[in-house]
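In the working numbering, the protein residues as written are 1314 to 1604. All C-beta atoms in this analysis are idealised placements derived from N, C-alpha and C, irrespective of residue type, glycine included.
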Amino acid sequence: MKYIIDSNNIIINDSSDFDIEHILECGQCFRFYKKDNRDYIIIAYSKILRVTQDDQQVTFHNTTEEEFQSIWMKYFDLGRDYSIIKTTLSKFDEHLQTAVSEKGGIRILQQDTWESLISFIISQNNHISNIRRVIERLSNKYGTYIGEIEDEKYYSFPTIEQLSIATEEELRALKVGFRAPYIINACEKVANGEVDLETVCCGNLLEAKKQLITIKGVGNKVADCVLLFGAMRYEVFPTDVWVKRIMEYYYFKEDTKIKVIDDFAKENYGELAGFAQQYLFYYARDLQIGK
DNA sequence: AGCCAGGCACCGC
DNA sequence: GCGGTGCATGGC
C-alpha cells in the first residue's frame, strides 16, 4: 500500500480496505484507546501510535518512515491486498458477502505471539471491555514505561521475563480471576521451552497447536486465536460463542458441534478461513445475531 | 437478581 | 469420548 510522508506523519490515501474502527473494535486486539471518532491510540511492539481517519485518508501520527516500515506496515498488514480476499469471500454466499460489505475495513493485525497468548488466555469466559482492562493492569504493573500522551502514561506489554515474576496472588489482585494459574503456567512453559514460540509462529501448524494446548487454560479456541492473531495462521477458524451462533443461524439451523463448524469452515474457506471468521464475528457481534 | 461473556478443567458416565 | 458443572469478575 502506498503512503506519503507529511512532516512527522505518514498518510495513506486509499482507505477502501482500511477502517481504523473496524480494525481495532473487531475483537482481535485489546491495547487501544479511543480518543474520538476514528481517533485511536494504539500500543504495540513497545510503541505508542496515534491513528486518525477521515473520509479522505488515514494518518499515522508522529512516526518516522523507518518506524512505519519496520513496525506499522507489518502490524497493519499493509502488504496484503484485502480487496482480493473480500471479493473471493463474497462469492461464497450472501451472508459472508453482507459481513464483508458491512465490515470491509477489517485487516488482521500481525500481533506479537506472546502477547496474543496471554491476551487470549484472559479472554476466555470474559467480556472484551474487561479483557482490555485486565491487560492494561498487567502492562502497567509488569511492563515497561514507554511514554505518555496528554498526561496519560503508557506501558508495553510485559515480556516473558517481566511477567514470570508475577505470583498467583498478585495476578488475582489485578482481577484476572481463575485465569491466574493459567498465566503462570504459560510463563513457565514458554520460559522452559516446552512451548516454543518460534514453532507457534513459523513451524508446523499441527505441532504448534499441539504445543499450545499443553498450557493450562489453552484449549482449541484460545489456541486458534493465538495462531490466527499472533502467528498469521490464516487457515484456522476460531469458533467462539458468536461465531457458533452466526454459523448455526445462517447455515446449520440447529445446535451444532464446534468440530462440525470448524470442518465446514476449513472445507469451504480454506486458506481464507481466518479472514472469513473475523468478518463474520464482528458482523454477528455488532448485530447480536442469533442471540 | 440472575445471566452472560471471543472457554476451559475437571468430573462422572 | 461425551456431556454437565464450576469458575472470578463486571456489565446489563
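Beta-bridge partners of residue i, as assigned by DSSP
i	result
glycine 1460	Tyr1467
valine 1413	In the DSSP output, where bridge partners are listed per residue, valine 1413 has none listed.
threonine 1372	Ile1324 and Thr1365
tyrosine 1346	Ile1354
isoleucine 1317	Ile1324
lysine 1360	Ala1357
Straight-line Cα distance separating residue j from residue i
i	j	result
glutamate 1380	cysteine 1514	22 Å
isoleucine 1325	serine 1359	23 Å
glycine 1385	aspartate 1367	The question names glycine, but residue 1385 in the sequence shown is tryptophan. Using only the alpha carbons, I get a separation of about 19 Å.
phenylalanine 1405	aspartate 1575	16 Å
isoleucine 1435	isoleucine 1444	6 Å
isoleucine 1524	glutamine 1382	Residue identity check: residue 1524 is glutamine in the sequence provided, not isoleucine. If I take the Cα positions, the gap works out to 32 Å.
valine 1531	lysine 1454	23 Å
cysteine 1613	isoleucine 1318	Limits of the chain in this structure are 1314 at one end and 1604 at the other, which puts residue 1613 out of reach.
asparagine 1350	aspartate 1332	12 Å
aspartate 1599	leucine 1362	26 Å
lysine 1534	serine 1452	24 Å
arginine 1558	glutamate 1378	43 Å
lysine 1566	asparagine 1375	50 Å
Residue i vs residue j beta-carbon contact at 8 Å
i	j	result
valine 1413	leucine 1402	yes
alanine 1493	glutamate 1481	yes
valine 1508	valine 1447	no
asparagine 1322	phenylalanine 1389	no
aspartate 1568	glutamate 1561	yes
valine 1503	tryptophan 1427	yes
cysteine 1342	glutamine 1424	yes
glutamine 1601	cysteine 1339	no
alanine 1589	leucine 1430	no
Member of the options whose CA lies at the smallest distance from the CA of residue i
i	options	result
phenylalanine 1470	Ser1328, Gln1601, Ile1356 and Asn1321	Ile1356
isoleucine 1441	Asn1350, Ser1452 and Arg1344	Arg1344
lysine 1416	Gly1603, Phe1594 and Thr1527	Phe1594
phenylalanine 1491	Glu1338, Asn1439, Ala1504 and Ile1462	Asn1439
threonine 1512	Lys1522, Asn1505 and Ala1504	Lys1522
aspartate 1330	Ile1559, Ala1586 and Ile1397	Ile1397
leucine 1487	Arg1450, Thr1377, Tyr1468 and Gln1370	Arg1450
isoleucine 1336	Ser1320, Tyr1564, Lys1315 and Tyr1395	Tyr1395
isoleucine 1419	Pro1551, Thr1527 and Ser1328	Ser1328
phenylalanine 1433	Thr1457, Asn1505 and Pro1551	Pro1551
Which ranges does the alpha helix (DSSP H) cover as unbroken runs of at least 4 residues, wholly within the region 1466 to 1527, from first to last along the chain? 1473 to 1477, 1481 to 1486, 1493 to 1504, 1510 to 1515 and 1518 to 1525
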